[in-house]
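Beneath this line is the structure, given in structure tokens, with notes to follow.
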Amino acid sequence: MAQRIDGIIPVMLTPFTDAGEIDYPGLARLIEWYLANGADALFAVCQSSEMQFLSLAERVELAKFVVTTVNGRVPVVVSGHISDDLDTQVEELTAMAATGGDALVLVTNHLDPKNEGSDAFRRHLSYLLERLPSDIPLGLYECPAPYRRLLSDEELRLCIDSGRFVLLKDVSCDLPTVTRRLKIAEGSGLAIINANAAIARDAMRAGSPGFTGVFTNIHPDLYRWMRLSGDRHPELADELATFLVVAAVSESLGYPAFAKMYHQRLGTFGSIRCRVIQYDVRERFWALDAVLDKVVAGTDAFRAKIAALPAE
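Just remember that this note's numbering sits 8 ahead of the position in the sequence shown, which is counted from 1.
This is how it looks when you write it as structure tokens:
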């Protein structure tokens with residue numbers, strides 16, 4: 009049976025130097041930060057990693073570096089699935105499968121690139137499954153770019169019935185959909201991991217075994233505490249859930265540069281350079297540093313409240 013992959017799964021940033029090259033020493037420090045702050049697994053070479061702006065060689069090198077640095081301490085899942093042409097997808101996914109990751113994640117919109125519906129999805133999925141290595145577990149990611157392509161219930165059942173899939177990064181952002189999918193996947197070995205902060209606590213209470221939203225780059229430990237201990241401290245957990253929702257709204261203020269600003273403050277890496285963003289985030293989003301100040305203050309306040317709880 010394939011290894012179960014769940015819990016708090018940060019969607020990894022890619023640090024760049026000011027010159028635009030991947031900052032591998034910074035990436036090594038970032039990996040250690042994730043592991044020290046509650047990550048149960050890592051999602052490498054995803055949208056937060058700016059995978060659409062990395063060459064195939066860079067995507068492969070990045071994934072190999074993460075796998076090697078983690079060295080089995082937690083599972084590492086990789087994607088790098090950015091192409092629409094099926095033969096190109098086979099090339100890139102085969103290369104990513106060889107990087108040593110614990111699962112290879114397929115992006116749902118590239119399984120139906122023209123948004124033609126379930127027939128196209130089934131054809132493209134079948135084409136890939138026949139050509140990808142059969143010994144690597146697979147995941148699914150409803151990536152918002154280039155468009156959010158949600159799975160139908162029938163498509164989810166098809167993937168479960170294949171026996172190949174171990175997780176879905178759910179981007180439905182809808183609690184009834186998450187709850188329905190949890191019921192469909194019950195007993196299958198496929199984990200439905202919600203990625204939306206607004207429903208994070210409710211999805212966990214409904215049975216979603218983790219969280220994989222973008223603010224795992226700021227406070228993964230708070231999501232982990234909410235998952236593991238929230239029901240024993242419901243008032244604090246509800247208060248925390250509200251803060252996490254409000255904090256996550258700042259994703260719209262120049263993410264992933266916003267998250268890189270946080271790590272620049274921590275000293276994880278030196279530059280907030282992004283390939284996906286070609287503008288000055290501070291010029292576009294006024295008082296951005298003040299917003300980050302408040303997110304940091306709230307994060308520290310909740311960490312202090314949690315630390316002050318009686319030992320369990």
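Quick reminder that beta carbons are idealized off the backbone N, C-alpha and C, glycines included. Since the structure is predicted, the reported quantities are computational estimates derived from the model, not experimental observations.
Assigned secondary structure, Leu296 (DSSP; H/G/I helix, E/B strand, else coil): Position 288 of the sequence shown, counted from the start, is the residue given in the question as residue 296. In the structure shown, the three-state DSSP call for Leu296 is helix.
Pick out the complete alpha helix (DSSP H) segments inside the region 239-306, 4 residues or longer, and give them in chain order. Complete alpha helix (DSSP H) runs here, min 4: 242-256, 265-274 and 289-292.
Any contact of the region 205-217 with the region 187-194, i.e. 3+ C-beta pairs under 8 Å? yes
Can at least three beta-carbon pairs, one atom from the region 158-171 and one from the region 89-98, be found at a separation below 8 Å? no
Backbone secondary structure at Gly171 - three-state DSSP: Position 163 of the sequence shown, counted from the start, is the residue given in the question as residue 171. Note: Gly171 maps to coil in three-state DSSP.
For Thr224, count neighbouring C-beta atoms within 10 Å of its own C-beta (all shown protein chains included) and say buried if the count is 16 or more, exposed if not. Translated into positions along the sequence shown, residue 224 becomes position 216. Burial call: buried.
Along the chain, where does the alpha helix (DSSP H) containing Met30 start, and where does it finish? Position 22 of the sequence shown, counting from 1, holds the residue named residue 30. Note that residue 30 is Ile in the sequence shown, not Met. Taken as a continuous stretch (DSSP letters only), Ile30 belongs to no alpha helix (DSSP H), as it is neither H nor E.
For Phe24, which residues in the same chain have their Cβ closer than 8 Å to its Cβ, ignoring the five residues on either side in sequence? Taking the sequence shown and counting its residues from 1, one reaches residue 24 at position 16. Around Phe24: Ile30, Asp31, Ser279, Arg281, Cys282 and Arg283.
Please state if the CB of Phe251 and the CB of Leu296 are separated by a distance shorter than 8 Å. Your numbering for residue 296 matches position 288 in the sequence shown. Your numbering for residue 251 matches position 243 in the sequence shown. It is not a contact, given that the beta carbons lie outside the stated cut-off.
If you pair each beta-carbon of the region 35-53 with each one of the region 63-81, do three or more pairs fall below 8 Å? yes
How should Pro228 be labelled, buried or exposed, when 16 other C-beta atoms within 10 angstroms of its C-beta is the threshold for buried? For this step, residue 228 is matched to residue 220 along the sequence shown. Buried.
First and last residue of the uninterrupted beta strand (DSSP E) at Val84: Taking the first residue of the sequence shown as position 1, residue 84 is located at position 76. Per DSSP, Val84 belongs to the beta strand (DSSP E) from Val84 to Val86.
Go through its chain and collect everything with a Cβ distance to Ala255's Cβ below 8 Å, but skip five positions before and after it. Residue numbering aside, residue 255 sits at position 247 when the sequence shown is read from its first letter. Excluding sequence neighbours, Ala255 sits near Ala205, Phe223, Ile226, His227, Val303, Gly306 and Thr307.
To the nearest angstrom, report how far apart Ser260 and Phe61 are at their CA atoms. As a first step, residue 260 must be located in the sequence shown, where it is residue number 252. As a first step, residue 61 must be located in the sequence shown, where it is residue number 53. Going by the C-alpha atoms only, they are around 19 Å apart.
Beta-carbon contacts of Phe129 that lie in its chain and below 7 Å, excluding the five residues immediately before and after: The residue you call residue 129 lines up with position 121 of the sequence shown. Hits under 7 Å: Leu119, Asp120 and Glu163.
With which residues is Asp178 paired in a DSSP beta bridge? Taking the first residue of the sequence shown as 1, we reach residue 178 at position 170. Beta-bridge pairing links Asp178 to Asn202.
From Asp169 to Arg81, what does the alpha carbon distance come to, in whole angstroms? Here residue 169 refers to the residue found at position 161 of the sequence shown. Here residue 81 refers to the residue found at position 73 of the sequence shown. About 30 Å.
Measure how close the beta-carbons of Val174 and Leu146 come, nearest whole angstrom, since I'm counting them as under 8 Å. Within the sequence shown, residue 174 is the residue found at index 166, counting from 1. Within the sequence shown, residue 146 is the residue found at index 138, counting from 1. Right, their Cβ atoms sit about 7 Å apart.
Going by DSSP, what residue range makes up the beta strand (DSSP E) through Leu159? Counting from one through the sequence shown, the residue named residue 159 turns up at place 151. Counting along the chain, Leu159 falls outside any beta strand (DSSP E), and DSSP gives it neither H nor E.
Outcome for Pro184 when other beta-carbon atoms lying within 10 angstroms are tallied against a minimum of 16: Working through the sequence shown from its first residue, we reach residue 184 at position 176. For Pro184, the number of other beta carbons within 10 angstroms of its own is below 16, and it is reported as exposed.
Alpha carbon of Leu140 to alpha carbon of Ser258, nearest angstrom: The sequence position of residue 140 within the sequence shown is 132, counting from 1. The sequence position of residue 258 within the sequence shown is 250, counting from 1. Rounded to whole angstroms, Leu140 to Ser258 spans 38 Å at the Cα level.
What number of angstroms, rounded off, separates the C-alpha of Ser91 from the C-alpha of Gly28? Along the sequence shown, read from residue 1 onward, the residue named residue 91 stands at position 83. Along the sequence shown, read from residue 1 onward, the residue named residue 28 stands at position 20. The alpha-carbon atoms of Ser91 and Gly28 are separated by roughly 22 Å.
Kindly list the residues whose CB is nearer than 6 Å to the CB of Lys268, restricted to its own chain and excluding five residues on each side of it in sequence; keep chain order. One-based indexing of the sequence shown puts residue 268 at position 260. If the five residues before and after Lys268 are omitted, its C-beta is found closer than 6 Å to the C-beta atoms of Ile280, all from its own chain and listed in chain order.
Does any residue of chain D bring its CB to less than 8 Å from the CB of Asp161? No chain D appears in this structure, which consists of one protein chain only.
Comparing alpha-carbon positions, which option in Leu166, Val289 and Leu198 lies nearest Leu176? Taking the first residue of the sequence shown as 1, we reach residue 176 at position 168. Minimum Cα distance to Leu176 is reached at Leu198.
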